[in-house]
């Protein structure tokens, strides 16, 4: 038996009331009742209608109060203006789930009613799905609590969609594609239950092996990541609204904000969610993920084929998906050779040739599955007049069986051909082998199965353990002082002080307010020095003529002091000048940048890249939602194209990646701890030195949120 | 009537002889005869078999000489050892086409028989398809001259495949997909007829509107490009063997060399061939290309949808395919608004909403097609219980009709749903509107239609007109001298002299053989100078300590001379030292590289990129097969990711792109003229200056082909 699950009354209801049940054909209140009956729902069904005694052959009730038993789920099919009053009645009888099909809420700006609806439901111990949805469809409970025309084709994937229209279309498509689902959930406005709740539920649902999401925007990015990370089942999602134009369309559609695609990419990785690029990929991979085990332990894939062409295409696709084919070991090749005519190929792809027939497939598959070198198998087949698709399907069934059911290696198939291939598809589905019609799709499915295994493997390293030798209070004092001075931008010395309080290595510096002091500080710090204007009103210091470098003596420092102050006054006469920063001149290293934004969905998020043109022209950067471990930071590095430069390409020295990952992780802690205060940060440039020689943050910027959001005030004030 | 076409006897044969026709069920010689009969072939059919009088109910003949009439096509189904003798008999009776199904030729190393086969056929006025093929299938002639089980579903695409197994599978798949083809051609070893011949034929075939290719490798890249460029019909191709592993698989499969994918990419652009990434994309786009007109004049696409979700996904996909959606103009939006309820969206995607029904689609489609702003329309539909797919299909049919058949704008559709959508697909196919089940596919199809129009638009600029003020003879003299000295690598001064003979701006320099002469040359050229060792045995001059820069006076030049010679002798004691190059020191500019390779398939091919890490680490380069026009060179620039740097990103000055494109085009002429001699060139670095200030080739390398290939000797020798 599955563990107790708080949302069971919603997704496995013992009783359903249809609020606004109707006798009128075509009315949603009629369709929903009929759908529940047609679907074969076996629980108690209560049509609620104040003026009917019978609807679709079932006894109707005037209100939920009149219902003789408890109500798990109430499906709302009434106009918006009636929803709140009827929800209150439901709360009185402690309905557990409110599936609110009705639209006219936040998607048209009516936020108040939506908030009130949730408050009513929660006060009565219930939860809301919707509003503005198609409904929910559960195959195990045979409950089609929606206006979608039928329960989906049965399967082991739970599909959760923010688009109702797409959900209905995909529901119909399951029957055509033989892509089965356990449940389908329309989330609509996500006033209460959201993707995280669905993940949490289906993670424990015994009927579900994979969770499939159509996402336009998540509301609480952190909860989403946590739910994904905790879930031990594969999750695959398509994020709609990744184009500038698409994002606009999403915004006007569900009222949810669509975040930057790079941040979603990062969050998906952290949530252990696989990202699909298209609907086809979403469904194809879901099927494989729900039927086959992850590709654990490595990625040696054997491709068995009867035609060179699709073999070549599969090798191309495998490489594109990051799981390139490798030649099979000699002893395995020898085994394969026993299964094919002389002109076959025992390498990889294993070409049993067009004439080989089903026996060659069966034998090769069994050898592949038994070989400890192999982690997954793809069986490709071009339909011929000689060997029938069903014979190959049976060969796959028996080859898999002979290898023993406990091999726990994924097997996928790709048949290119006509109608006979469709029949073979059904046969293979019976034994859980997904069949595709395109080699690239089979490889995409294997890549997804490999990603699931990688998520499992990474997990132990990913837990974030905060650095303890940080001084959050000191950082907050600096920020509070700036806010008291009416500023939302920290000066460079302030930003560096905040960074330093988190143990981040910044260049040492002192702010001089006279030429005398400048010289004194330069001597104290040691020549050569750099000098920079310190003014909250001058963000682009170089443009203002406010930066001088390579200063080697007293005369130079004096002259520079005067020039910097004069230039800055000329640049911006009313600028508030705090002084001139005298700073140790850091040796030249490879410039990198670590920065942060405070994403509306995911909160503080770290960006990493190489400095200068790499970030500004090539946009060669990568993100992670903060905070994260050093191991997680380490995984970011190879995601940029210029990574090889840090590794020591082209005669350069290998850089101190150890220190870089520690600093990135520390920075993630800083922006996370101070997420209530900080809008954006930039450590740019960071001079990154050779292995073992660390790094220095040479310039720093921190921009505060416009208004402090009720954050705890630093104790010292 | 179509123009006379030399390959008509092959692809539209009036008579077919089956060489090796057989009474034995299951023998290829039996299958082919039966297939021709079953397919409904109406021409004369002559089964050839020395020991049969009747095969499959048709009179058999002992040999082709016994056949009473002329023979257009002979299909060979005999073992390899009989092919040549029977081919000779065919040549005697002047058979026009030899379709050689038989295998056992070059694919197993038997090149001699293959060459002989072609010689026999050509001597008799015939041409060969194959050997090692499935055969050819022509719907217009109802000729299934193959062992594939049936003629393909009818359509207007000619499919040419280098993989026989894939051809059979796709033949069967046409019936499932309703993806029709006019003809299907299996090319096999391409001993004679190849892709270029097929393009040339189908370019003039009235039954074919689009040409679809599965390519593992082309044999004569130049002919392929020329044929593609001349063809006025869309061509789409998938290149198999683009992975390192895939390339190996292709090599072992057909014996053809698979070229670098970047060079194929370039060649496809130059051949006006669209590249598909997957079989699905190949077939989906072919269908659109064969049914719909190119997207001419611009790329304002209107998406009409009943669901926000697929609308958002289509916008995402459109951006990904380089055809981002734009908001429709106000007056068009006003028209759209008349076709939808208030909560619809008249922007783009145009959301007529789930309740809008067929009328909304029809109206919106008509408005879109009538609007001069619009260049293409995609109609998306999520199946609902309310509006049936067939009703939407009829709305598309009538909306298109009402807008007038002469609008010449592409229309594609995407329906997501169940079986009813399949019926709608058939209805739409009747009026030539392709229907997809995935928004991304509809957008891929539109992108392909846009690419066809772009090829048309680019064409006038692409013709290469040779630069006339070049001195090819001078270049050949330098090369010949080096060859006479037994070298296959030119020294830097030699390479620069070759470049200069083609009007390429190289830094001036003189080779000194003594310190005295070095000083004399430095004075003549003007200080500062650069000095470099000149030795055919020292390729990496810096590594040898053979380069000194920034030399400003006599003492410096003397010291440098001695140091360079000493270092070089120490580095490689037996090096043949020609002297020391004294060279004008070019001002620093943005470093770019123009180089060339001599590709086995495409011949001399130019590479362009930014220097240093951009080429070495980021591999940010682009190719074109030489020679090409300056307009063509101009089109290369935006293909590198770092292009913005040349445009003047990040405070840099815009570079002299005018001069750069001229130089690249000149270089393409050089490597093309001297393609018989030159294996590789490098102009690296080239210092590229600000707009109007030109560029300088600072270092140059030319590597000759191992052996001169019978090139005309320079006249001066």
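Residue numbers (my numbering), protein chains in the order written: chain A, -8 to 708; chain B, -8 to 708.
Ideal Cβ placement from N, Cα and C applies to all residues, glycine included.
Where residue i meets chain E, residues with beta-carbon distance less than 7 angstroms
i                      : result
residue 659 of chain A : The displayed structure is made up of protein chains A and B, and chain E is not among them.
Among the options, the one whose alpha carbon lies nearest that of residue i
i                      : options                    : result
residue 41 of chain A  : A:47, A:50, A:54           : A:54
residue 687 of chain A : A:679, A:694, A:693        : A:679
residue 212 of chain B : B:257, B:643, B:99, B:487  : B:257
residue 506 of chain B : B:380, B:202, B:463, B:557 : B:557
residue 160 of chain B : B:302, B:16, B:274         : B:274
Residues sharing a beta bridge with residue i, DSSP
i                      : result
residue 687 of chain B : B:678
residue 145 of chain B : B:172
residue 523 of chain B : B:538, B:572
residue 45 of chain A  : A:50
residue 405 of chain A : A:371, A:427
residue 340 of chain B : BP columns for residue 340 of chain B are empty, so no partner.
residue 590 of chain B : B:594
residue 610 of chain B : In DSSP, residue 610 of chain B forms no bridge with anything.
residue 23 of chain B  : In DSSP, residue 23 of chain B forms no bridge with anything.
residue 672 of chain A : A:587, A:693
residue 135 of chain B : B:128
Own chain, CB closer than 6 angstroms to residue i, minus 5 neighbours either side, in chain order
i                      : result
residue 3 of chain B   : 132
residue 512 of chain B : 501, 503, 573
residue 38 of chain B  : 9, 12, 24, 46, 49, 51
Proximal residues to residue i (C-beta, below 7 angstroms), its chain only, five neighbours per side dropped
i                      : result
residue 683 of chain A : 647
residue 72 of chain A  : none
Inter-residue Cα distance where the pair is residue i and residue j
i                      : j                      : result
residue 560 of chain A : residue 566 of chain A : 7 angstroms
residue 151 of chain A : residue 311 of chain B : 25 angstroms
residue 662 of chain A : residue 599 of chain A : 14 angstroms
residue 61 of chain A  : residue 5 of chain A   : 9 angstroms
residue 552 of chain B : residue 538 of chain B : 10 angstroms
residue 545 of chain B : residue 581 of chain B : 30 angstroms
residue 180 of chain B : residue 97 of chain B  : 7 angstroms
residue 604 of chain A : residue 624 of chain B : 24 angstroms
residue 101 of chain B : residue 115 of chain B : 22 angstroms
residue 447 of chain A : residue 689 of chain B : 53 angstroms
residue 440 of chain B : residue 280 of chain B : 6 angstroms
residue 405 of chain A : residue 140 of chain A : 31 angstroms
residue 477 of chain A : residue 498 of chain A : 27 angstroms
residue 226 of chain B : residue 58 of chain B  : 39 angstroms
residue 434 of chain B : residue 418 of chain B : 21 angstroms
Own chain residues within Cβ distance below 8 angstroms of residue i, not counting five before or after
i                      : result
residue 525 of chain B : 482, 483, 484, 502, 568, 569, 570, 571, 572
residue 696 of chain B : 479, 589, 667, 668, 669, 670
residue 178 of chain B : 120, 121, 124, 151, 152, 153, 184, 185, 186, 189
residue 269 of chain B : 229
Original post:
In the segment 264 to 294 of chain B, which residues sit with their C-beta less than 7 angstroms from some C-beta in chain A, listed in chain order?
Top reply: Those would be 269, 270, 271, in chain order.
**OP:** Quick one: which residues of the segment 309 to 329 of chain A get their C-beta closer than 9 angstroms to a C-beta of chain B? List them in chain order.
**Re:** Against chain B - using a Cβ distance shorter than 9 angstroms - the residues of the segment 309 to 329 of chain A are 309, 310, 311, 315, 316, 317, 318.
**OP:** Below 7 angstroms between beta carbons is the criterion; list the residues of the segment 359 to 375 of chain B that meet it against any residue of chain A, in chain order.
**Re:** Answer set for the segment 359 to 375 of chain B: 373, 374, 375.
Subject >> Residues from the segment 676 to 695 of chain B in contact with chain A, defined by Cβ distance under 9 angstroms >> reply: The segment 676 to 695 of chain B vs chain A, Cβ under 9 angstroms: nothing.
Original post:
Listed from N- to C-terminal order along the chain, which residues in the segment 622 to 635 of chain B have their beta-carbon within a distance smaller than 7 angstroms of any beta-carbon of chain A?
Top reply: From the segment 622 to 635 of chain B, only 632, 633, 635 have a Cβ closer than 7 angstroms to chain A.
**OP:** Name, going along the chain, the residues of the segment 412 to 429 of chain A whose beta-carbon falls closer than 9 angstroms to a beta-carbon of chain B.
**Re:** From the segment 412 to 429 of chain A, only 412, 413, 428, 429 have a Cβ closer than 9 angstroms to chain B.
Subject >> Near-chain B residues of the segment 163 to 174 of chain A (beta-carbon distance less than 7 angstroms), N- to C-terminal order >> reply: Here the close residues are 163, 164, 166, 167.
**OP:** Anything in the segment 48 to 77 of chain A with a Cβ closer than 9 angstroms to a Cβ of chain B? List those residues in chain order, please.
**Re:** Listed by position, the residues of the segment 48 to 77 of chain A near chain B (Cβ gap below 9 angstroms) amount to none.
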